[in-house]
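To start, the structure under review is shown below, and the notes come after it.
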Amino acid sequence: MRPKRKQKLFMALGLVSLAAIAVGLTLYALRANINLFFSPIQIAAGDAPYERQIRAGGMVKEGSVARNPDSLDVEFTVTDYVEEVRVHYSGILPDLFREGQGVVVVGQLQRDGFIKADQVLARHDENYMPPEVSEALEAAGYSPADYQAKAAEVAKRVEEREGASQN
Amino acid sequence: MWAFINKLRSPKWFYAISARLLPWFWAAALILIVTGAIWGLLFAPADYQQGNSFRIIYVHVPAAFLAQSIFVSLAVTGLVFMVWKIKIADMAATVMAPLGAAMTFIALFSGAVWGVPTWGTWWMWDARLTSMLILLFLYLGVIALRGAFTSRDSASRAASVLAMVGVINIPIIKYSVDWWYTLHQPATFTVTGRAAMPMEMWLPLLIMVLGFYSFFIALTLMRTRSEILRREASKRWVRELAAEAK
Chain A
1 MRPKRKQKLF MALGLVSLAA IAVGLTLYAL RANINLFFSP IQIAAGDAPY ERQIRAGGMV
61 KEGSVARNPD SLDVEFTVTD YVEEVRVHYS GILPDLFREG QGVVVVGQLQ RDGFIKADQV
121 LARHDENYMP PEVSEALEAA GYSPADYQAK AAEVAKRVEE REGASQN
Chain B
1 MWAFINKLRS PKWFYAISAR LLPWFWAAAL ILIVTGAIWG LLFAPADYQQ GNSFRIIYVH
61 VPAAFLAQSI FVSLAVTGLV FMVWKIKIAD MAATVMAPLG AAMTFIALFS GAVWGVPTWG
121 TWWMWDARLT SMLILLFLYL GVIALRGAFT SRDSASRAAS VLAMVGVINI PIIKYSVDWW
181 YTLHQPATFT VTGRAAMPME MWLPLLIMVL GFYSFFIALT LMRTRSEILR REASKRWVRE
241 LAAEAK
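Protein chains in written order, with UniProt numbering: chain A, 1 to 167; chain B, 1 to 246.
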């Protein structure tokens, strides 16, 4: 390679790596803010501010949904299988909302420990399957979502919490 | 290897070889996209939760793949042009950018259409969606820079630099769903075929992805050929070609 070209190649690669470092540091500094939502672990640890608009995410706990038959009021528990937070909401829920479904709720954390939600979004997971397969899985006693992945995720969260309590 | 690269430098050689490759890529694109679309949209089973709205994946995922691949191609052709001054690389970059922008728009739009029934919102400032929007702006920036200079060489160099620096966004898009909590779910489709999707849903998606790539290659070859003719219009071989065509 001619020296001039070599110099240009190094300049180009240097420029790209400088930009990569800058972006990397920015993202590292903002890492907590880039998360779309707080997990119940973070809320239990007191990371989320009170009475300010926040987003919280997790799974709707099985058997926790309580609807008021006379209105659109609904209460449910969001869990990450380690900690839980109760949510109060009044409005129309997305079609995918159900027990065991991932959700993101937008609302304010009250001092009593529950979230007063303005909006509830369903969070879809990456598992796609035909209804027959999901029925067969359920008949065999498995939840449709990938069991292995869920177990690994829970283990990671427990680790995170232990890490958080050390700080 | 070097002989091949040296040949690639010649627009005339590229013009000749691409004429032979072009029909194959067009045929592959047509067959794959038609097969994949009919299979995916009509015959693949519905999803257990999303019902039929999951079929948007057959457009969304291939478009999102291409949007990212094309930007990486822009960065690579930009580097090749900057360092080795290979004109063909710059011509390819010129014609690829609008297609990449279109694919990014399709990915964002189809994602929003899917988001309304699935999430309950069409937009959320989560890391995946935001980084994809930044990709669209980067594409628009690359295209705008090409038009912003009177000298083509300056324009090409500015667009190449932006493509090379902007490529940092690509790993951010790809890993955003793993690094942070996002509304967007992690990847369903992987080439290694981890079982997030059964075969009868995965196979038509694979066909669609391959079809989109063939379409991209065919369109890029075709548009690069016309770019060659446009830029080399004063060269003897082009004038001879034009005389023959008459």
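Think of the CB as a built atom: it goes at the ideal place given N, C-alpha and C, for glycine as much as any other residue.
Treat the numbers as computed from the prediction; the structure is a model and nothing was measured.
Exposure of B:R239, with buried meaning 16 or more beta-carbon neighbours within 10 Å: Against the second sequence, residue 239 of chain B aligns to sequence position 239. Classification for B:R239: exposed.
A:T79 - DSSP class collapsed to helix/strand/coil: Position 79 of the first sequence holds residue 79 of chain A. If DSSP states are grouped into helix, strand and coil, A:T79 belongs with the strands.
Residues of the region 31-56 of chain B with Cβ closer than 8 Å to any Cβ of chain A, in chain order: P45, A46, D47, Y48, Q49, Q50, F54
7 Å Cβ cut-off: residues of chain A touching B:V80: Translated into positions along the second sequence, residue 80 of chain B becomes position 80. Ordered by position in chain A, no residue passes the 7 Å Cβ test against B:V80, which lies about 10 Å from the chain.
Own chain, CB closer than 7 Å to B:V167, minus 5 neighbours either side, in chain order: Here residue 167 of chain B is taken as the residue at index 167 of the second sequence, counted from 1. So the list reads F71, V72, A75, once near-sequence residues are dropped.
Contacts that B:Y139 makes with chain A (C-beta to C-beta distance below 9 Å): Taking the second sequence and counting its residues from 1, one reaches residue 139 of chain B at position 139. Residues of chain A passing the Cβ test: none, with the nearest at roughly 17 Å.
Check whether A:V85 and A:I115 have beta carbons under 8 Å apart: The residue given as residue 85 of chain A occupies position 85 in the first sequence. The residue given as residue 115 of chain A occupies position 115 in the first sequence. Result yes, Cβ atoms of A:V85 and A:I115 sit closer than 8 Å.
Three or more C-beta pairs below 8 Å linking the region 99-114 of chain B and the region 136-154 of chain B: yes
Sub-8 Å separation of B:M208 and B:P62 beta-carbons: To locate residue 208 of chain B, count along the second sequence from 1; it is residue 208. To locate residue 62 of chain B, count along the second sequence from 1; it is residue 62. Cβ atoms of B:M208 and B:P62: closer than 8 Å.
Minimum C-alpha distance to B:W122 - residue among B:K7, B:A64, B:S110: Position 122 of the second sequence, counted from the start, is the residue given in the question as residue 122 of chain B. Residue B:S110 is the option with its Cα nearest to B:W122.
Close Cβ partners of A:F10 (< 8 Å) along its chain, the five nearest in sequence each way excluded: For the purposes of this step, residue 10 of chain A is taken as the residue at position 10 of the first sequence. Excluding sequence neighbours, A:F10 sits near nothing in its chain.
Beta-carbon separation (whole angstroms), B:L210 vs B:L41, contact threshold 8 Å: Here residue 210 of chain B refers to the residue found at position 210 when the second sequence is read from its first residue. Here residue 41 of chain B refers to the residue found at position 41 when the second sequence is read from its first residue. The pair is not a contact, with the Cβ atoms about 17 Å apart (cut-off 8 Å).
Distance, B:S10 Cα to A:A56 Cα: By 1-based counting over the first sequence, the position of residue 56 of chain A is 56. By 1-based counting over the second sequence, the position of residue 10 of chain B is 10. Computed Cα separation, rounded: 57 Å.
Pair within 8 Å by beta-carbon distance, A:Y128 and B:T188: For the purposes of this step, residue 128 of chain A is taken as the residue at position 128 of the first sequence. For the purposes of this step, residue 188 of chain B is taken as the residue at position 188 of the second sequence. Their beta carbons are under 8 Å apart, which means A:Y128 touches B:T188 by this criterion.
Reference B:T190, options B:T182, B:L206, B:V83, B:T130, closest by Cα: Translated into the one-based positions of the second sequence, residue 190 of chain B becomes position 190. The candidate whose alpha carbon is nearest that of B:T190 is B:L206.
For A:H88, three-class secondary structure by DSSP: Mapped onto the first sequence, residue 88 of chain A falls at position 88. Three-state DSSP puts A:H88 in a strand.
Whole-Å CB distance - B:W119 paired with A:A117, under 8 Å assumed: In the second sequence, the residue the question calls residue 119 of chain B occupies position 119. In the first sequence, the residue the question calls residue 117 of chain A occupies position 117. In fact, because the Cβ distance is near 15 Å, the residues do not count as touching under 8 Å.
Ranges of the alpha helix (DSSP H) found wholly within the region 38-112 of chain B, counting only runs of at least 4: 57-84
Closer than 8 Å at the beta carbon, the chain B residues around A:S90: Sequence index remark: in the first sequence, residue 90 of chain A carries index 90 (1-based). The premise fails here: A:S90 is roughly 15 Å from chain B at the closest Cβ pair, so nothing lies under 8 Å.
Contact with chain B by A:E126, beta-carbon distance below 8 Å: The residue labelled residue 126 of chain A in the question sits at position 126 within the first sequence. Output row for A:E126: interface = yes.
Buried or exposed by the 16-neighbour rule on C-beta atoms within 10 Å, applied to A:V120: For the purposes of this step, residue 120 of chain A is identified with residue 120 of the first sequence, where counting begins at 1. So A:V120 counts as buried.
Proximity winner among A:I21, A:P131, A:L96, A:R31, relative to B:T182 (alpha-carbon distances): Start at 1 with the first residue of the second sequence, and residue 182 of chain B comes out as number 182. The shortest C-alpha separation from B:T182 is found at A:R31.
Distance, B:R55 Cα to A:R2 Cα: Locating residue 2 of chain A in the first sequence gives position 2, counting from the first residue. Locating residue 55 of chain B in the second sequence gives position 55, counting from the first residue. For A:R2 and B:R55, the distance between alpha carbons rounds to 52 Å.
8 Å Cβ cutoff met for B:A67 and B:L135: The residue given as residue 67 of chain B occupies position 67 in the second sequence. The residue given as residue 135 of chain B occupies position 135 in the second sequence. Closer than 8 Å, so yes.
Under 7 Å by beta carbon: chain A residues contacting B:D90: For this step, residue 90 of chain B is matched to residue 90 along the second sequence. By Cβ distance, chain A contributes nothing, its closest Cβ being about 14 Å from B:D90, past 7 Å.
Start-to-end residues for the beta strand (DSSP E) that takes in A:V105: Reading the first sequence from its first residue, position 105 is the one you call residue 105 of chain A. Taken as a continuous stretch (DSSP letters only), the beta strand (DSSP E) holding A:V105 covers 102-109.
CB contact flag (B:T77, B:A97, <8 Å): Position 77 of the second sequence, counted from the first residue, corresponds to residue 77 of chain B. Position 97 of the second sequence, counted from the first residue, corresponds to residue 97 of chain B. No.
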